[in-house]
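A.B. asks: If you use the numbering used here, the sequence shown corresponds to residues -14 to 204, in order. Can you keep this structure in mind? I'll have questions shortly.
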Amino acid sequence: MTQFDAGTEFDRQVRTLIEKGFGELAGLSADAYADLLAPLRATVTDRAAGMEAPTEGRVPFVLVITRELAPIERAVPLLTLGGRKRKPGIIDRHYAEGDLVRFVPAKEVELPDARAYVLFDVDRGEEFCGAIPNDAMATIAGRGRTPLTMEEGIALVTQYPAALAKNKCFSLGGSRCGDRRVPAIWISENAPKLGWCWAGNPHTWLGMASAADRAGSLG
């Protein structure tokens, strides 16, 4: 079995964020951005024992950058699919002007830091393809897990583009705006698209992403 080094993976994720331009979104140099995220390295390595190497559907951890440092409307265009498909991510036209700021963490979702944190044991939730989103979220809650927010979905695709695959896209039930809409990320015109679907409508190609928990800096 391939050895998985959590510290090396943390460093790769920081480099990826910088190379994709997330540091520029925050108005920071590459070094300053790396310094900002550095305290989270201990959060990851402290829980490294037992971590398994990532697969397309499940990864041990992901660095999450919140909208305070990376507004969603500017972060989505930094997304691309895996392989040679490099078209920038797009936001679905069905989001009305001002809609994105209305989607905030659901009442049961607590974020450890307003800027950046770590999401652990992330699963794109393909088992829920074809399930009603409300039912999928209830199952996830029953397992003691948490649905992903918009920012967390962006983080997953940023670090693991292959997690977003044909017929294996995912909803982000951790962000809600008070109505029946559930955000989701899927593939449209060979690019990642941030859209939404109704909480009571199933889609065969859309699962429900979840994670074990979230953690901020240990300091």
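Glycine included, every Cβ here is placed at the ideal spot set by N, Cα and C.
1) Quick check: the Cα distance between A91 and T(-7), rounded to an integer number of angstroms?
2) Mind the definition here: the segment 27 to 40 touches the segment -1 to 18 only if three or more C-beta pairs lie below 8 Å; say whether that holds.
3) So who's on the other strand from A169, going by DSSP bridges?
4) Cα separation between N186 and G192?
5) According to DSSP, is M(-14) helix, strand or coil?
6) Could you compute how far the alpha carbon of L157 sits from the alpha carbon of R78?
7) Do L54 and A11 have their C-beta atoms closer together than 7 Å?
8) Only counting the same chain, and skipping five residues up and downstream in sequence, which positions put a Cβ closer than 6 Å to that of P73?
9) Specify the secondary structure class of R109 as computed by DSSP and reduced to three states.
10) Secondary structure at Y102, three-state DSSP: helix, strand or coil?
11) Could you tell me which residues DSSP puts in a beta bridge with A150?
12) Go through the segment 11 to 93 residue by residue and report every complete run of the alpha helix (DSSP H) that reaches 4 residues or more, in order.
C.D. replies: With the given structure in hand:
1) 32 Å
2) no
3) S156 and G180
4) 12 Å
5) With a pLDDT of 43 at M(-14), under the threshold of 50, the modelled position of this residue cannot be trusted; read the value that follows with caution. Coil.
6) 18 Å
7) yes
8) P62
9) coil
10) strand
11) K153
12) 15 to 22, 25 to 30 and 57 to 60
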